[in-house]
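Numbering follows the UniProt record's numbering, in which position 597 of the sequence shown is assigned residue number 597; successive positions increment by one, without gaps.
Read the structure below first, then the notes.
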Amino acid sequence: MNQDALQRHLGQLLIVDFNGQAATSDIKTLIGAPYYVGGVLLCRQNVATVDQIITLVNDLQCTARDAGHSKPLFICVSQDRDLESAPDPLVEPQLSKPAKLKTANPLEDIFRAGGTAGGLLRALGFNMVLADPCNINPEASNKLGTARKLSGDDIGHLSAIMLRALKSEGMMSCFKIFVEWDVADSHLVFSRPTYAVSKDALENVLIPYRRAVAEDVEAVMTSHITARADDSYMPSGLSKTVFNLLRKSLQYKGLIISRYSDTDAIKTDVGPAGSATLSFRSGNDCTIISHSFKKEIDAFHRVLGTTGAREILSPEILESLKRVDKLKDEYLNWESSLKKHSTRNLNFGRPPDKMLAFTRRRTTELRKIPIDPFDLSEDIAQLTQLWHFLLPQYAVPESRLSDLLARPNGTHFRVCLGKRLIAFVATFVNKDRPTSYIAALLVHPAYQSRGIGTALIRHAQKHLRFASTAQSVTIGSSCPRFWPGVPLDITKQSQSFFSNRGFCVAPGATARDYCVKLSTYEAPVAVLKRAATSGVKFLPWGENQYDECMTRQREIFGSDEVWMGAYERLAQAGQFQQALIAVDSVGKQVGWALMLEPGIGLSNDLAFPPLLGERTGQIGCVGVHPDARNKGVGLALVVHAALNLRQRGVDQIFIDWVTMVNWYEKAGFEVWREYRTMTLNEIG
């Protein structure tokens with residue numbers, strides 16, 4: 001990469017401010033060669049009247065176009081502070097109203113205010129607003145959380161309304177995150193506020209931000225509260241602590257922006273140039289540099305120098321550039337960015353139909369939600385009734401439901417009004433799994449949208465933090481097994497319930513359960529021929545083959561206790577015929593599969609096979625040695641297992657939790673249900 005290209009790239013990651021109500025020579029210099037800064041933050045010293053703001057922003061964008069920028073500038077404004085003292089009466093009331101209405105009701109007013117502000121900001125030429133809707137009243141108290149009268153989920157919902165309102169007007173949002181960590185060392189290089197908070201308290205603080213991530217907030221700005229990091233004590237915006245929290249715990253994939261702090265400690269020990277460098281080293285995508293033209297120039301050269309010295313890894317910079325480009329491509333273009341609006345065309349109203357989809361919310365909320373431990377003997381009949389009413393397609397028989405919920409690794413909770421069970425949540429902990437599970441969440445329709453489901457989810461999370469060492473919670477279950485994820489045949493509203501509470505969709509393919517009706521099953525001849533030509537034979541497992549089977553599978557699947565335990569339990573019960581093995585031309589085992597009759601082995605751990613009928617068997621734990629893969633052995637194992645089960649009088653076959661796309665279809669199986677894995681990563 002040549003010097004000019006490097007400078008153009010780095011400039012896109014810098015946001016600067018300046019003094020003056022017109023585009024000065026200093027800011028024009030920073031926008032042009034060789035700096036090419038990609039964004040400008042306008043503050044109160046830059047604004048006076050509506051016409052003046054429009055002219056200023058247009059001048060800045062024209063400067064960028066003339067300097068050869070491929071995309072328009074980020075034109076940023078801090079909604080909660082920077083323009084509140086603007087003298088023009090058209091500006092201040094509209095821009096400050098959303099912040100003042102964050103605790104207001106009805107919610108339509110919040111959406112209207114956010115949309116009005118977003119429309120005005122867009123007409124003025126702004127395209128990104130730095131806002132703090134996740135903190136209802138940040139100035140009321142310096143102590144963590146004391147200013148919040150609403151729950152974290154309530155705040156998250158209000159923030160989502162604000163975010164959607166701004167997004168509906170084409171405005172990008174940058175939410176300020178205020179995460180406060182406990183610092184035990186009193187000898188700090190950086191003198192910043194610190195607070196001692198529990199993990200539960202910090203998780204509660206993060207609830208609104210998790211909701212913002214679910215809403216695809218375009219950017220997040222890190223604070224300069226001191227955080228404990230592995231490398232040093234420093235403001236969180238300059239430390240990997242908050243970066244890791246955002247990228248790993250919150251699974252945030254958007255733009256992360258840091259802002260230079262003007263504290264004495266930062267000025268003395270680091271300065272703007274050092275702060276900018278540390279910001280990129282810590283993983284931030286962009287940094288805001290303030291205060292003077294000289295300091296902004298120094299910061300650019302410092303970052304350029306460290307990049308040239310490979311102290312900032314090029315792949316990280318390239319990823320940041322991709323995030324910047326993605327946002328600018330989605331929201332900005334030269335035609336709209338250079339268009340000057342007339343003040344007479346500014347519309348401060350909102351049509352009501354544009355609000356309805358965003359503002360539906362519970363109207364009658366229970367004062368106190370009585371969450372108690374689930375009592376299997378007393379509650380199972382009511383739970384079964386509720387389960388079958390809500391999920392008729394998953395109407396697990398009461399006996400099977402009772403057996404699975406009674407497993408020692410499960411803890412469950414209920415909500416009752418009087419003697420009536422109206423809601424339920426099931427949790428499981430599997431020590432061999434890196435995650436804990438919320439297996440089921442049910443709320444009677446008459447009591448939905450009253451905060452009960454949310455309260456149960458939060459109660460379950462709190463329980464799992466103490467019951468498990470896992471660093472994540474997944475919707476679904478492993479052993480015993482109900483759903484491997486969120487079923488896609490439930491309502492969209494029910495699916496979004498989990499994402500709105502911080503659960504993120506896992507990358508990769510969805511999970512599927514498969515089935516086949518053996519009375520009409522036709523074995524794919526091509527599958528059987530392909531395996532036969534390679535000299536592989538298939539036969540039921542035998543006792544004399546136990547050692548080789550367990551040894552070879554342990555080499556491949558040894559860390560999976562469920563998989564290995566399934567074969568071990570069959571061997572201990574002398575039920576070797578319930579598994580199939582594949583042997584190569586020299587008699588070495590190269591493939592294995594369970595082919596279970598009803599009520600045997602692993603099939604007792606699954607909730608749904610009985611829904612297909614009493615004589616439903618299971619095929620599972622299908623594995624092929626790496627040396628024999630890509631030869632059709634796996635598919636042939638499945639086909640031979642199905643034929644074997646038919647000979648033993650099985651009517652249907654159930655195969656659960658498959659992530660291989662279009663693989664079992666080749667063996668003649670059909671998709672029964674499909675699921676999406678959703679996980680919430682806890683704070684480490």
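We put the beta carbon where it would ideally sit given N, CA and C, even for glycine.
Cβ distance (whole Å) where residue i is taken to contact residue j below 8 angstroms
i           : j      : result
Leu635      : Lys666 : 6 angstroms
Tyr521      : Val658 : Contact doesn't hold; Cβ gap of about 18 angstroms is too wide.
Val624      : Val661 : About 17 angstroms; that fails the 8 angstroms criterion.
Phe243      : Gly283 : 4 angstroms
Gly632      : Val525 : Rounded, the Cβ-Cβ distance is 12 angstroms, inconsistent with contact.
Asn681      : Gln471 : 6 angstroms
Ala532      : Asp584 : No, Ala532 and Asp584 are not in contact; Cβ-Cβ is about 12 angstroms, not under 8 angstroms.
Asn58       : Gly125 : 6 angstroms
Phe538      : Leu637 : 7 angstroms
residue 685 : Cys134 : The structure shown has nothing for residue 685, since the chain only spans 1 to 684.
Leu250      : Leu206 : 7 angstroms
Gly32       : Thr63  : 7 angstroms
Reference residue i, options the options, closest by Cα
i      : options                        : result
Thr277 : Arg676, Arg615, Thr384, Leu14  : Leu14
Ile655 : Tyr664, Gly649, Gln647, Arg648 : Tyr664
Ala426 : Ala23, Ser472, Arg481          : Arg481
Trp592 : Gln578, Ser336, Gly574         : Gln578
Arg44  : Pro72, Cys76, Lys28, Arg259    : Cys76
Glu330 : Arg646, Gly20, Pro72, Val37    : Pro72
Ser417 : Asp547, Asp379, Thr24, Gln393  : Before going further, note that residue 417 is Leu rather than Ser in the sequence given. Comparing Cα-Cα distances from Leu417 to each of Asp547, Asp379, Thr24, Gln393, the minimum goes to Asp379.
Ala566 : Ser534, Leu606, Ser585, Ala531 : Leu606
Ala642 : Gln618, Asp627, Asp154         : Gln618
Arg65  : Val129, Leu338, Val16, Ile155  : Leu338
His69  : Ile54, Thr55, Pro34            : Pro34
Gln61  : Thr49, Asp51, Phe74, Gly20     : Phe74
Val586 : Phe389, Val57, Gly535          : Gly535
Glu670 : Ile653, Arg648, Val213         : Ile653
Gln495 : Leu10, Met678, Ile457, Ile27   : Met678
Asp132 : Val37, Thr222, Glu614          : Thr222
Asp153 : Lys199, Pro208, Ser168, Ala117 : Pro208
Lys326 : Gly476, Glu218, Val16, Leu121  : Glu218
Gly649 : Thr616, Phe300, Thr49, Ala299  : Thr616
Lys199 : Gln52, Ile600, Gln3, Lys462    : Lys462
Residue span of the alpha helix (DSSP H) that contains residue i, given as start and end
i      : result
Trp672 : Taken as a continuous stretch (DSSP letters only), Trp672 belongs to no alpha helix (DSSP H), being part of the beta strand (DSSP E) at 670-676.
Asp200 : 199-214
Met564 : 561-572
Thr533 : 525-533
Met162 : 152-168
Gln21  : Element bounds for Gln21: n/a, residue is neither H nor E.
Ala441 : Note on residue identity: the sequence assigns Leu, not Ala, to residue 441. Per DSSP, Leu441 belongs to no alpha helix (DSSP H); it is in the beta strand (DSSP E), 436-443.
Val639 : 633-647
Beta-carbon contacts of residue i that lie in its chain and below 7 angstroms, excluding the five residues immediately before and after
i      : result
Arg676 : Gly485, Val486, Leu488, Val505, Thr510
Asn127 : Phe74, Ile75, Met171, Met172, Tyr331, Leu332
Same chain, Cβ closer than 6 angstroms to residue i, neighbours up to 5 away in sequence not counted
i      : result
Gly114 : Pro98, Met162, Ala165, Leu166
Asp285 : Leu255, Ile256, Ser320, Arg323
Gly422 : Before going on, a small fix: residue 422 reads as Ile here, not Gly. Closer than 6 angstroms at Cβ, skipping near neighbours: Val415, His444, Tyr447.
Leu42  : Val77
Asp216 : none
Arg646 : Leu518
Glu398 : Thr384
Lys340 : Ile54, Asn58
Ser478 : Asn430, Arg433
Extent of the continuous beta strand (DSSP E) run through residue i
i      : result
Tyr514 : 511-517
Val590 : 589-596
Trp657 : 652-658
Lys537 : 537-540
Identity of the residues DSSP links to residue i by a beta bridge
i      : result
Phe497 : DSSP output for Phe497 lists no bridge partner at all.
Pro487 : Tyr675
His412 : Ala426
Asn681 : Ser472
Arg481 : Leu606
Leu120 : The partner list for Leu120 (beta bridge, DSSP) is empty, contrary to what the question assumes.
Asp372 : Arg414
Lys176 : Met221
Arg420 : Leu417
Arg259 : Ile288
Residue i at chain C interface by Cβ criterion, 8 angstroms
i      : result
Phe669 : This model lacks chain C altogether, as it is built from one protein chain only.
Sequence-distant residues of the same chain with beta carbon closer than 8 angstroms to residue i, five excluded per side
i      : result
Glu568 : Met550
Pro93  : Reliability fails at Pro93, whose pLDDT of 49 lies under 50, so the model's placement of it is uncertain and the value that follows must be treated cautiously. No residues qualify anywhere along the chain.
Ile452 : Leu366, Ile369, Val415, Ile422, Ala423, Val443
Ala523 : Val639, Ala642, Leu643, Gly668
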